[in-house]
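Colleague: When we follow the numbering used here, the leftmost residue of the sequence shown carries the number 24, and every step to the right adds one.
Note that the Cβ used here is the ideal one computed from N, Cα and C, for glycine as well.
Can you read through this structure? Questions will come right after.
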Amino acid sequence: MRARLVLEIISDDGETIATETVADLVKVTKGAEDLGLSLSEAKGLLTKLQQAMVQTQVELWLSGNRELDGRRLRRKGSYPITFHTLFGDVRLKSPRYYLPHLVGGNGPVTISPLRTLIPDHIAPERLYLETRWASLVPYAAAAELLADVLPVESGANATTVRQHALQAARRIERELTEERVSFMQDACPRDWMNLPVPDGRIVIGLDGGYIRDRNDRRKNFELIVGRSLPEDGNARYIGFVHGYDRKPQRRIFDHLKKQGVQANQDITFITDGGEEVRSLTEMIAPASEHVLDWFHITMRITVLRQFGQGVENHNEQAGQGILETLRRIKWHLWHGNAYRAREEIDELQFDAEALETDYPIKRKFLTAIGEFRSYIASNRASLINYGERYRSGERISSAFVEATVNAVISKRFAKKQQMQWSRIGAHLLLQTRTQTLDGSLRSTFQQWYPGMAIDNHESGETALAA
Numbered sequence: 024m025r026a027r028l029v030l031e032i033i034s035d036d037g038e039t040i041a042t043e044t045v046a047d048l049v050k051v052t053k054g055a056e057d058l059g060l061s062l063s064e065a066k067g068l069l070t071k072l073q074q075a076m077v078q079t080q081v082e083l084w085l086s087g088n089r090e091l092d093g094r095r096l097r098r099k100g101s102y103p104i105t106f107h108t109l110f111g112d113v114r115l116k117s118p119r120y121y122l123p124h125l126v127g128g129n130g131p132v133t134i135s136p137l138r139t140l141i142p143d144h145i146a147p148e149r150l151y152l153e154t155r156w157a158s159l160v161p162y163a164a165a166a167e168l169l170a171d172v173l174p175v176e177s178g179a180n181a182t183t184v185r186q187h188a189l190q191a192a193r194r195i196e197r198e199l200t201e202e203r204v205s206f207m208q209d210a211c212p213r214d215w216m217n218l219p220v221p222d223g224r225i226v227i228g229l230d231g232g233y234i235r236d237r238n239d240r241r242k243n244f245e246l247i248v249g250r251s252l253p254e255d256g257n258a259r260y261i262g263f264v265h266g267y268d269r270k271p272q273r274r275i276f277d278h279l280k281k282q283g284v285q286a287n288q289d290i291t292f293i294t295d296g297g298e299e300v301r302s303l304t305e306m307i308a309p310a311s312e313h314v315l316d317w318f319h320i321t322m323r324i325t326v327l328r329q330f331g332q333g334v335e336n337h338n339e340q341a342g343q344g345i346l347e348t349l350r351r352i353k354w355h356l357w358h359g360n361a362y363r364a365r366e367e368i369d370e371l372q373f374d375a376e377a378l379e380t381d382y383p384i385k386r387k388f389l390t391a392i393g394e395f396r397s398y399i400a401s402n403r404a405s406l407i408n409y410g411e412r413y414r415s416g417e418r419i420s421s422a423f424v425e426a427t428v429n430a431v432i433s434k435r436f437a438k439k440q441q442m443q444w445s446r447i448g449a450h451l452l453l454q455t456r457t458q459t460l461d462g463s464l465r466s467t468f469q470q471w472y473p474g475m476a477i478d479n480h481e482s483g484e485t486a487l488a489a
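Rendered as structure tokens:
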């Protein structure tokens, strides 16, 4: 069997512009592997089809953009360029035209119109796909995947994929123009009363994770990641390198505004109580609050209980007293009674210091109590009635943030990959990875390139139906 595929390009007025054979196949059917197009045949077909279509489109566009102020520009020559598309790298000739001479003018004497049409020499769809895949898997794996399924000559070039992904990330960064760090900055409280009733509370969990520093492999640096969960709407991720972003609060503010959060809306920040991450939540909005994560409280109490059980093995009465005190501390904290909880912690510390036992790690036990006492004291303003919130169905734990750290950081930046990162490289990749994970990367590209939102197949079906 022979199959010949002919491309016919027709102008808007119905006239045939070009006719070209893009495939002439001979198929012999002996097994399942002979049915339909093979991967190599499909790649070759798409490459020829793309070359013919892009060349014709460029020629038509150039013919309509050769005039300036009603004057046809004189051609000087051309230079070769490569347009990287999803279906092959298309070689084009970029013409240069003389500009009209202006008396006393110091501007350029020639112009290359194609620099306006394709300034980055890469198709937006390919840039999107490279950015998305590079955000999910290592650059080399993304490049190999491109080469496996698409007819791209530079698909195996991990450096190119990395450059394109970071190019998109830098554009996302440039769009962060918001200089305000709070809804209360440069705003009048009277204006908040005129705002419509907000949709409901939005919960934001923030936490940190560490990755290896490429410049000093003995050290790590911290990434701050988070996830915002509105009552109605899609969840969104946020991430940045701690210390690299000099204005991290404006990033959180911009993140909230993009989700439609208003100044009069209730916002709950849940963190592990660390000083750095807690400071990011201060004074964001008039109706915002910071809540100390219950999971981290119970985790510290669990450690103290293990010490108490160790004491019980050496002094049963003293050990049981310590465990009972820890039970009361947890009960007071669960009900939001920070004052009584701190009193019980002080009593626990006094009893542990006065303890006469041969418990071998008593010093570590005392250190753990002191750290827990400082932890609760520094976060006393963030302690709430956890039991009441829990019974109301509201979030009291940042367990979803722990999953966020694993999804955003561990699966791409660390663990099995054992990579080293520069601060700027990690920060930029975080911008595309967070948008890839929450599904907003495509809409970002559609804002940059509105034509990506147009589905030619759907529009064709609509026209036929009409």
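Grab me the residues of Ser445's own chain with a C-beta within less than 6 Å of its C-beta, minus the 5 sequence neighbours each way, in chain order.
Modeller: Indexing the sequence shown from 1 puts residue 445 at position 422. Only Arg237 meet the Cβ criterion.
Colleague: Rounded to the nearest angstrom, how far is the Cβ of Gly249 from that of Gly228, given a contact under 8 Å?
Modeller: Here residue 249 corresponds to residue number 226 of the sequence shown, with the count starting at 1. Here residue 228 corresponds to residue number 205 of the sequence shown, with the count starting at 1. So it is a contact: roughly 6 Å between Cβ atoms.
Colleague: Just confirm the distance between the C-beta atoms of Val334 and Tyr382, as a whole number of angstroms; I'd bet it's less than 8 Å.
Modeller: If you number the sequence shown from 1, residue 334 lands on position 311. If you number the sequence shown from 1, residue 382 lands on position 359. That pair is a contact at about 5 Å.
Colleague: Grab the span of the beta strand (DSSP E) containing Val184 for me, first residue to last.
Modeller: Locating residue 184 in the sequence shown gives position 161, where the first residue counts as 1. Looking at the DSSP string, Val184 is not in any beta strand (DSSP E); the run it does join, the alpha helix (DSSP H), is Ala181 to Arg197.
Colleague: Helix or strand or just coil, what does DSSP make of Arg259?
Modeller: Mapped onto the sequence shown, residue 259 falls at position 236. If DSSP states are grouped into helix, strand and coil, Arg259 belongs with the strands.
Colleague: Does Gln73 pass the burial test, meaning 16 or more other C-beta atoms within 10 Å, or should it be called exposed?
Modeller: Here residue 73 is taken as the residue at index 50 of the sequence shown, counted from 1. Buried is the call here.
Colleague: Would you report the Cα separation of Leu218 and Asn287, rounded to the nearest angstrom?
Modeller: The residue you call residue 218 lines up with position 195 of the sequence shown. The residue you call residue 287 lines up with position 264 of the sequence shown. Using only the alpha carbons, I get a separation of about 7 Å.
Colleague: Name the DSSP bridge partner or partners of Gln443?
Modeller: Numbered from its first residue, the sequence shown carries residue 443 at position 420. Per DSSP, Arg235.
Colleague: Tell me whether Asn287 sits in a helix, a strand or coil according to DSSP, three-state version.
Modeller: For the purposes of this step, residue 287 is identified with residue 264 of the sequence shown, where counting begins at 1. Three-state result, Asn287: coil.
Colleague: Taking the C-alpha atoms as reference points, what is the distance between Ile477 and Gln470?
Modeller: As a position in the sequence shown, residue 477 is number 454, starting the count at 1. As a position in the sequence shown, residue 470 is number 447, starting the count at 1. Spanning the alpha carbons of Ile477 and Gln470 requires a straight line of approximately 12 Å.
Colleague: Would you say the stretch 163-178 touches the stretch 204-211, given that touching needs at least three Cβ pairs under 8 Å?
Modeller: no
Colleague: Looking at the structure shown, is Val126 part of a helix, part of a strand, or coil, going by DSSP?
Modeller: Looking up residue 126 in the sequence shown gives position 103. The pLDDT assigned to Val126 is 47, lower than 50, so where the model puts this residue is not dependable, and the model offers no usable value.
Colleague: For Gly228, does the three-state DSSP call read helix, strand or coil?
Modeller: Within the sequence shown, numbered from 1, the residue matching residue 228 stands at position 205. Strand at Gly228.
Colleague: Which residues mark the beginning and the end of the beta strand (DSSP E) in which Thr44 is found?
Modeller: Counting from one through the sequence shown, the residue named residue 44 turns up at place 21. Thr39 to Val49 is the span of the beta strand (DSSP E), which, as asked, contains Thr44.
Colleague: State the start and end residues of the unbroken alpha helix (DSSP H) segment that holds Phe276.
Modeller: Here the question's residue 276 lines up with position 253 in the sequence shown. Start and end: Pro271 to Lys281.
Colleague: Assign Asn257 to one of two classes, buried (16 or more other C-beta atoms within 10 Å of its C-beta) or exposed (fewer than that).
Modeller: Here the question's residue 257 lines up with position 234 in the sequence shown. When all chains shown are included, Asn257 counts as exposed.
Colleague: What are the start and end residues of the alpha helix (DSSP H) that includes Asp369?
Modeller: As a working note, residue 369 is residue 346 in the sequence shown. Start and end: Ala361 to Glu376.
Colleague: Pick from Met442, Ser117, Thr455 and Arg273: whose alpha carbon is nearest that of Ala163?
Modeller: Stepping through the sequence shown from its first residue, residue 163 is reached at position 140. The option with the nearest alpha carbon to Ala163 is Met442.
Colleague: Measure the Cβ-Cβ separation of Ala75 and Val49 and say whether it is below 8 Å.
Modeller: Sequence index remark: in the sequence shown, residue 75 carries index 52 (1-based). Sequence index remark: in the sequence shown, residue 49 carries index 26 (1-based). No; because the gap between Cβ atoms is not below 8 Å, this pair is not in contact.
Colleague: Excluding the five sequence neighbours on either side, which residues of its own chain have a C-beta within less than 8 Å of the C-beta of Tyr409, listed in chain order?
Modeller: Along the sequence shown, one-based indexing puts residue 409 at 386. Excluding residues within five positions, the ones whose Cβ falls inside 8 Å are Trp317, Leu356, Trp357, His358, Gly359 and Ile419.
Colleague: So, helix, strand or coil for Phe292, using DSSP?
Modeller: By one-based count along the sequence shown, residue 292 stands at place 269. Three-state DSSP puts Phe292 in a strand.
Colleague: Output the distance between the C-alpha atoms of Asp230 and Glu82, rounded to the nearest integer angstrom.
Modeller: Taking the sequence shown and counting its residues from 1, the one referred to as residue 230 is at position 207. Taking the sequence shown and counting its residues from 1, the one referred to as residue 82 is at position 59. Their backbone Cα atoms lie some 53 Å apart in a straight line.
Colleague: Classify Gln454 as buried or exposed, calling it buried when 16 or more other Cβ atoms lie within 10 Å of its own Cβ.
Modeller: As a position in the sequence shown, residue 454 is number 431, starting the count at 1. Its Cβ being crowded by 16 or more others within 10 Å, Gln454 is buried.
Colleague: Just to confirm my understanding: we take Leu140, look at its own chain, exclude 5 residues before and 5 after, and list those with CB closer than 7 Å. What are they?
Modeller: Within the sequence shown, numbered from 1, the residue matching residue 140 stands at position 117. Here the set comprises Trp84.
Colleague: Taking Thr183 as the reference, give the member of Glu196, Thr467, Lys116 and Leu169 with the closest Cα.
Modeller: Taking the first residue of the sequence shown as 1, we reach residue 183 at position 160. The shortest C-alpha separation from Thr183 is found at Leu169.
Colleague: Between which two residues does the beta strand (DSSP E) carrying Asp112 extend?
Modeller: Position 89 of the sequence shown holds residue 112. Where Asp112 is concerned, the enclosing beta strand (DSSP E) stretches over Gly111 to Tyr121.
Colleague: Counting beta carbon pairs with one atom in the stretch 368-381 and one in the stretch 394-402, are three or more of them shorter than 8 Å?
Modeller: yes
Colleague: Which residues does DSSP list as the beta-bridge partners of His313?
Modeller: Residue 313 sits at position 290 when you count from the first residue of the sequence shown. According to DSSP, which records beta bridges pairwise, His313 is partnered with Phe292.
Colleague: How long is the line joining the alpha carbons of Lys71 and Arg114, rounded to whole angstroms?
Modeller: Numbered from 1 along the sequence shown, position 48 holds the residue referred to as residue 71. Numbered from 1 along the sequence shown, position 91 holds the residue referred to as residue 114. Computed Cα separation, rounded: 12 Å.
Colleague: Taking Arg98 as the reference, which of Ala192, Pro118, Ile195 and Arg25 has the closest Cα?
Modeller: For the purposes of this step, residue 98 is identified with residue 75 of the sequence shown, where counting begins at 1. With distances taken between Cα atoms, Arg98 lies closest to Pro118.
Colleague: Quick one: residues in its chain with C-beta nearer than 6 Å to the C-beta of Ile290, no 5 flanking neighbours on either side, listed in chain order?
Modeller: What you label residue 290 is simply residue 267 of the sequence shown in a count that begins at 1. The residues are Ile225, Ala308 and Ser311.
Colleague: Looking at the structure shown, is Val326 part of a helix, part of a strand, or coil, going by DSSP?
Modeller: As a first step, residue 326 must be located in the sequence shown, where it is residue number 303. Here Val326 sits in helix by DSSP.
Colleague: Assuming Leu389 and Ala341 form a contact by the criterion Cβ under 8 Å, report the distance between their Cβ atoms to the nearest whole angstrom.
Modeller: The sequence position of residue 389 within the sequence shown is 366, counting from 1. The sequence position of residue 341 within the sequence shown is 318, counting from 1. Your pair Leu389 and Ala341 does not check out as a contact, with CB atoms roughly 14 Å apart and the cut at 8 Å.
Colleague: Might you give, ordered along the chain, the residues of its own chain that have their beta carbon closer than 7 Å to the beta carbon of Gly331, omitting 5 neighbours on each side?
Modeller: Within the sequence shown, the letter at position 308 stands for residue 331. The answer, listed in chain order, is Gly342, Ile345, Leu346 and Leu349.
Colleague: At the level of alpha carbons, what is the spacing between Arg301 and Gln186?
Modeller: Working through the sequence shown from its first residue, we reach residue 301 at position 278. Working through the sequence shown from its first residue, we reach residue 186 at position 163. Answer to the nearest angstrom: the Cα atoms are 34 Å apart.
Colleague: State yes or no: is the C-beta of Ala146 within less than 8 Å of the C-beta of His107?
Modeller: Sequence index remark: in the sequence shown, residue 146 carries index 123 (1-based). Sequence index remark: in the sequence shown, residue 107 carries index 84 (1-based). Their beta carbons are under 8 Å apart, which means Ala146 touches His107 by this criterion.
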